[in-house]
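Residue numbers (UniProt numbering): 1 to 712.
We put the beta carbon where it would ideally sit given N, CA and C, even for glycine.
Remember, predicted model here, so these are calculated numbers, not experimental data.
Presented below is the structure to which this report refers.
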Amino acid sequence: MDNMEALLKAKIPCPETGIEVKRTICDICCPCTHCGIDAYVKDGVVIKVEGTKEHPRNKGKICTKGHASRQYIYRSDRLRTPLRRVGERGEGKFEPITWDEAYAEIARRLNAVKETLGPDSVAFFSGYTKWYRQFLHRFAYSFGSINYGSECSTCYKSAVMAWEATAGLYAAGPDMGNSNVLLGWALNPYYSKHLALPRLQAFKDKGGKIIIIDPRKTPATAKLADMHLQLKAGTDGALALGMAKLIIDNGWADLDYIEKYTHGFEQYKAYVSQFDLDRVSKITGLDPDDILEATRIYATSGPACIQESSAPLAHQINGFQNYRAMICLNALTGNFDRAGGCLPETITYYDQSAGYLTYEHEYYRSREPKSEHPRIGQERFPLWSKLVDEFQAMDLLRQITEEKPYPIKAVFACGMNAKMFPNTRRFYEALKSLDFFVDVDLFMTDTAKYADIVLPACTSFERGEFKAYPGGYAQFTNPVIKPLYESKNDVQILSELAAVMDLDDDLLRQGYEAGIAFMLRDLDVTIDQMKGSDLPIKVPGAHGDVAGELLEHGFPTPSGKFEFWSEAVAEFSQSHGLDPLPTYRDPFDDHIGDPAEYPLKLITGARIPNAIHSRLHEVPWLRSLRPEPTADLSLEDAERLGIAKDDWMEIVTPTGHLRVKAHPTSKIQPGEVHLFHGYREANANDLVSEVHLDPYSGFPGYRANRCAVSKG
1 MDNMEALLKA
11 KIPCPETGIE
21 VKRTICDICC
31 PCTHCGIDAY
41 VKDGVVIKVE
51 GTKEHPRNKG
61 KICTKGHASR
71 QYIYRSDRLR
81 TPLRRVGERG
91 EGKFEPITWD
101 EAYAEIARRL
111 NAVKETLGPD
121 SVAFFSGYTK
131 WYRQFLHRFA
141 YSFGSINYGS
151 ECSTCYKSAV
161 MAWEATAGLY
171 AAGPDMGNSN
181 VLLGWALNPY
191 YSKHLALPRL
201 QAFKDKGGKI
211 IIIDPRKTPA
221 TAKLADMHLQ
231 LKAGTDGALA
241 LGMAKLIIDN
251 GWADLDYIEK
261 YTHGFEQYKA
271 YVSQFDLDRV
281 SKITGLDPDD
291 ILEATRIYAT
301 SGPACIQESS
311 APLAHQINGF
321 QNYRAMICLN
331 ALTGNFDRAG
341 GCLPETITYY
351 DQSAGYLTYE
361 HEYYRSREPK
371 SEHPRIGQER
381 FPLWSKLVDE
391 FQAMDLLRQI
401 TEEKPYPIKA
411 VFACGMNAKM
421 FPNTRRFYEA
431 LKSLDFFVDV
441 DLFMTDTAKY
451 ADIVLPACTS
461 FERGEFKAYP
471 GGYAQFTNPV
481 IKPLYESKND
491 VQILSELAAV
501 MDLDDDLLRQ
511 GYEAGIAFML
521 RDLDVTIDQM
531 KGSDLPIKVP
541 GAHGDVAGEL
551 LEHGFPTPSG
561 KFEFWSEAVA
571 EFSQSHGLDP
581 LPTYRDPFDD
591 HIGDPAEYPL
601 KLITGARIPN
611 AIHSRLHEVP
621 WLRSLRPEPT
631 ADLSLEDAER
641 LGIAKDDWME
651 IVTPTGHLRV
661 KAHPTSKIQP
671 GEVHLFHGYR
681 EANANDLVSE
691 VHLDPYSGFP
701 GYRANRCAVS
711 KG
């Protein structure tokens, strides 16, 4: 092998090999991550990826998904041209058309619905990826429709609602550097939130105590936890309320903090009084001594914080109140907005707290149309509509099929994935009944097969994008390769379509950079400055979250205080029966299945390291890590049912059934079954009810269903 062959084989960037290193971000996961990537490019093709060591977010580390970026970009089923459906919906039969033909047909058919039924009868939906969402939101409003929604209806927004209803904030984060104890609620950074792992390890190394609350044994419970409370699935709220009673009864509550900074404590105190230790032990399945010891450590060891995983608590029909019950522990112990506790986060852009403000929300809210109609889901889930300026997508299926309170006849979607919705089969049936459906995506997904027009998007490697990062950083990436085939980025599609449709919105029609310039107009940093750097740059004047600002100036709540009794929720007490206190409800009520017929409890939706929902199961490297859909069940239940490892087993719920490979394990408690989701051949959400939803948020019960299991 000569020297040149060796250089090429080693993929060494230099003039001789023609290999360049260009920097971008990985946007496979949610915006709270988006790690820096070094892309090795030769002849316009990405041949290798590494994490960017100098990037302040990931410091050179990338996960399995990021390492598979090349296979993701160059998947054989990438969409190449705009497509028009020529077969039945769901058949996947399409013909290629030009962009001009696609735009013309979309404009004609969306405007036809608008002219006959009104603009609100067109719904606009955003799935993955999320980078364009403000622009689609503005497009919907400029079109005249109040109906913009996203996968946030099933992701984490219930958690955001809980913070909003309790503290008036989007979120809060743990001040680990000044804390002594951390409650890790459903926390497993080895599978999700991996960028938190170094901070957690540093916290543990300095002597901090970590208590993890999770119904399963996970890598985090094995490697990080000083104590693991392995409670029964869905009983988190009862545990938090029981801890609250212990804190009050034992004199561990910070009464001075409570008197000065909270609202509704006496009502809260009266409610939690019924959650005595014996009752909570029976509900959660935990040893009373363990509950007492965990509570004592949390409440008496000095500053204590909570690091939760946002989705697991929210993905139950009692999820909103579970979350509120957990949040209230912060104020009860005086650990909210104080050093070492949980600090309020000011959101900069796309769920990131970066220490500076943008006009992200004004960009689309300034175009919000007046309408005589409620948003989709507003009548059924009014608290959602009060706290979230999107429609609740869990009511989209019902409104399409029932046409009440008004019909939805067209959907324009970017990255819609029906597999993430409960009872996916019914959602596909609803899509069949639409007059017109457009989907923009990277690949021909099962959902895209139901569309009339499918448009090819491109990845983060093929476009530029603005990002805000914690620590006061801002970045505007440059494309590292040209868009593949005839693909375009999502915002380019929206701005070009706005022009074709002659929408009265010059700013939207000007495209992405003009929109970002609008949002960043008060910052002392320009797009050109950011584009001139291949790393995030510090925004002048940015500052981190500071303890004590809310305690000094007041909370952005109706009472001006932290609310045990939520006035936002109280607004709907009489009309919808919502309780202003963080009440507990058994998520396994009989209405989700007769316990005699469905004796086991089903948990779905947990993350796995090689996938983000169903988006990466077709990437060969990643699929090889977990090639077949499996379900975890306890060793005791497996023996009782005569099921051995790798046996096929059938899981049945009142909603549906599927077959998966069995994985008996000691990590699952008797009486519970855990099923990873996202597999095309075994879609876990086919088992989840679309009817039984959290009345506060509209969220489905992904983590709490009844099921029966049999071999075969």
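(request) Give me the Cα-Cα distance between tyrosine 485 and serine 76, rounded to the nearest whole angstrom. (result) Indexing the sequence shown from 1 puts residue 485 at position 485. Indexing the sequence shown from 1 puts residue 76 at position 76. So the alpha carbons of these two residues sit roughly 12 Å apart.
(message) Which residue wins for smallest C-alpha separation from cysteine 152, given the options Glu54, Gln392 and Phe124?
(response) Taking the first residue of the sequence shown as 1, we reach residue 152 at position 152. Taking only the C-alpha atoms, the option nearest cysteine 152 is Gln392.
(message) For glutamine 201 and tryptophan 99, what's the separation of their Cα atoms in angstroms?
(response) Working through the sequence shown from its first residue, we reach residue 201 at position 201. Working through the sequence shown from its first residue, we reach residue 99 at position 99. Going from the Cα of glutamine 201 to the Cα of tryptophan 99 covers about 51 Å.
(message) Restricting to Cα atoms, I'd like to know which of Gly656, Leu581, Ile37 and Ser533 is closest to lysine 61.
(response) For the purposes of this step, residue 61 is identified with residue 61 of the sequence shown, where counting begins at 1. Of the candidates Gly656, Leu581, Ile37 and Ser533, the one whose C-alpha sits nearest the C-alpha of lysine 61 is Ile37.
(message) Using a Cβ-Cβ cutoff of less than 7 Å, which residues in the same chain neighbour proline 587 once the five nearest sequence positions on both sides are dropped?
(response) Locating residue 587 in the sequence shown gives position 587, counting from the first residue. If we look at proline 587 and ignore the five residues flanking it on each side, its Cβ neighbours are Gly234, Gln316, Ile317, Asn318, Gly701 and Ala704.
(message) Does leucine 578 come out as helix, strand or coil in the three-state DSSP assignment?
(response) Taking the first residue of the sequence shown as position 1, residue 578 is located at position 578. Reduced to three states, the DSSP call for leucine 578 is coil.
(request) Measure the CB-CB distance between serine 573 and serine 158 and report whether it falls below 8 Å. (result) Indexing the sequence shown from 1 puts residue 573 at position 573. Indexing the sequence shown from 1 puts residue 158 at position 158. Contact: no.
(message) For alanine 222 and glycine 285, what's the separation of their Cα atoms in angstroms?
(response) Taking the first residue of the sequence shown as 1, we reach residue 222 at position 222. Taking the first residue of the sequence shown as 1, we reach residue 285 at position 285. So the two alpha carbons sit approximately 20 Å from each other.
(request) Assign lysine 204 to one of three DSSP states: helix, strand, or coil. (result) The residue given as residue 204 occupies position 204 in the sequence shown. Helix at lysine 204.
(request) Give the single residue among Phe143, Ile651 and Ala10 whose Cα lies nearest to the Cα of alanine 410. (result) Residue mapping note: residue 410 aligns to position 410 of the sequence shown, counting from 1. Ranking the options by Cα distance to alanine 410, first place goes to Phe143.
(message) Three Cβ pairs or more, each shorter than 8 Å: is that satisfied between the region 475-493 and the region 511-518?
(response) yes
(message) Which residue marks the beginning of the alpha helix (DSSP H) containing histidine 137, and which one marks its end?
(response) By one-based count along the sequence shown, residue 137 stands at place 137. Run containing histidine 137: 133-143, per the alpha helix (DSSP H) assignment.
(message) On the criterion of 16 or more Cβ atoms from any shown chain inside 10 Å, does glutamate 259 qualify as buried, or is it exposed?
(response) Numbered from 1 along the sequence shown, position 259 holds the residue referred to as residue 259. Glutamate 259 comes out exposed.
(message) What would DSSP say about cysteine 328, mapped onto helix, strand or coil?
(response) Start at 1 with the first residue of the sequence shown, and residue 328 comes out as number 328. Note: cysteine 328 maps to helix in three-state DSSP.
(message) Let's see if you can read the secondary structure: which residues bound the alpha helix (DSSP H) around threonine 284?
(response) Sequence index remark: in the sequence shown, residue 284 carries index 284 (1-based). Threonine 284 -> alpha helix (DSSP H) spans 277-284.
(message) Using CA atoms only, rank isn't needed, just tell me which of Glu54, Glu20, Asn58 and Glu372 is closest to lysine 48.
(response) Taking the sequence shown and counting its residues from 1, one reaches residue 48 at position 48. It is Glu20 whose Cα lies nearest to the Cα of lysine 48.
(request) Please state whether DSSP places residue 723 in a helix, a strand or coil. (result) Because the chain spans 1 through 712 in this model, residue 723 falls outside it and cannot be assessed.
(message) Helix, strand or coil for leucine 535? Go by DSSP, reduced to three states.
(response) Residue numbering aside, residue 535 sits at position 535 when the sequence shown is read from its first letter. It is coil, neither helix nor strand.
(request) Please go through the same chain and pick out, in chain order, the residues whose beta-carbon is closer than 8 Å to the beta-carbon of lysine 432, but skip the five residues on each side of it. (result) By one-based count along the sequence shown, residue 432 stands at place 432. Excluding residues within five positions, the ones whose Cβ falls inside 8 Å are Arg89, Gly90 and Tyr450.
(message) With H, G and I counted as helix, E and B as strand and the rest as coil, what does DSSP make of tryptophan 565?
(response) Numbered from 1 along the sequence shown, position 565 holds the residue referred to as residue 565. Coil, per DSSP.
(message) Are the CB atoms of aspartate 351 and proline 31 within a distance shorter than 8 Å?
(response) Numbered from its first residue, the sequence shown carries residue 31 at position 31. Numbered from its first residue, the sequence shown carries residue 351 at position 351. Yes, Cβ-Cβ distance for proline 31 and aspartate 351 is below 8 Å.
(message) Check whether the region 363-374 and the region 278-292 touch, using three or more Cβ-Cβ pairs below 8 Å as the test.
(response) no
(request) Tell me whether the beta-carbon of glycine 184 lies closer than 8 Å to the beta-carbon of isoleucine 212. (result) Indexing the sequence shown from 1 puts residue 184 at position 184. Indexing the sequence shown from 1 puts residue 212 at position 212. In this structure, isoleucine 212 lies closer than 8 Å to glycine 184 by Cβ.
(request) Compare the C-alpha of proline 303 against each of Cys342, Ile668 and Lys269 and name the closest. (result) Taking the first residue of the sequence shown as position 1, residue 303 is located at position 303. That would be Cys342, whose Cα lies nearest to the Cα of proline 303.
(message) Strictly by DSSP, which residues pair up with residue 740?
(response) This structure cannot speak to residue 740, because the chain is shown only from 1 to 712.
(message) If I measure Cβ to Cβ from glutamate 628 and keep anything under 6 Å in the same chain, skipping five residues before and after, which residues do I get?
(response) Looking up residue 628 in the sequence shown gives position 628. Closer than 6 Å at the Cβ level, and outside the excluded window around glutamate 628, lie Lys661.
(request) Between the Cα of glycine 168 and those of Ala684, Pro189, Thr346 and Pro119, spot the shortest distance and give me the residue it belongs to. (result) To locate residue 168, count along the sequence shown from 1; it is residue 168. Closest by alpha carbon: Thr346.
(message) What would DSSP say about tryptophan 252, mapped onto helix, strand or coil?
(response) Indexing the sequence shown from 1 puts residue 252 at position 252. Of the three classes helix, strand and coil, the one that applies to tryptophan 252 here is coil, per DSSP.
(request) Would you tell me roughly how many angstroms separate the C-alpha atoms of threonine 653 and isoleucine 12, rounded to the nearest one? (result) Position 653 of the sequence shown holds residue 653. Position 12 of the sequence shown holds residue 12. So the alpha carbons of these two residues sit roughly 54 Å apart.
(message) On the CB-based measure, 16 or more other CB atoms within 10 Å of its CB, does arginine 425 come out buried or exposed?
(response) For the purposes of this step, residue 425 is taken as the residue at position 425 of the sequence shown. It is exposed - the Cβ of arginine 425 has fewer than 16 other Cβ atoms within 10 Å.
(request) Apply the 10 Å Cβ neighbour rule to glycine 44 and answer buried if 16 or more other Cβ atoms are within range, or exposed otherwise. (result) The count along the sequence shown starts at 1 and reaches residue 44 at position 44. By the neighbour-count rule (16 or more Cβ atoms within 10 Å), glycine 44 is not buried but exposed.
(request) Out of Leu503, Ala104 and Phe265, point me to the one whose CA is closest to glycine 334's CA. (result) By one-based count along the sequence shown, residue 334 stands at place 334. Ranking Leu503, Ala104 and Phe265 by Cα distance to glycine 334 puts Phe265 first.
(request) Have a look at lysine 482 and proline 609 and give me their C-alpha separation to the nearest angstrom. (result) If you number the sequence shown from 1, residue 482 lands on position 482. If you number the sequence shown from 1, residue 609 lands on position 609. C-alpha separation (whole angstroms): 29 Å.
(request) Measure the CB-CB distance between valine 438 and phenylalanine 412 and report whether it falls below 8 Å. (result) Translated into positions along the sequence shown, residue 438 becomes position 438. Translated into positions along the sequence shown, residue 412 becomes position 412. Cβ distance < 8 Å, so valine 438 and phenylalanine 412 count as in contact.
(message) Relative to the C-alpha of lysine 404, which candidate in Glu379, Phe135, Gly415 and Gly544 has its C-alpha closest?
(response) Taking the first residue of the sequence shown as 1, we reach residue 404 at position 404. When only C-alpha atoms are compared, the closest one is Glu379.
(request) Take phenylalanine 15 as the anchor and find which of Cys35, Tyr40, Cys26 and His34 has the nearest alpha-carbon. (result) The residue given as residue 15 occupies position 15 in the sequence shown. A quick correction: the sequence has proline, not phenylalanine, at residue 15. Per the Cα distances, Tyr40.
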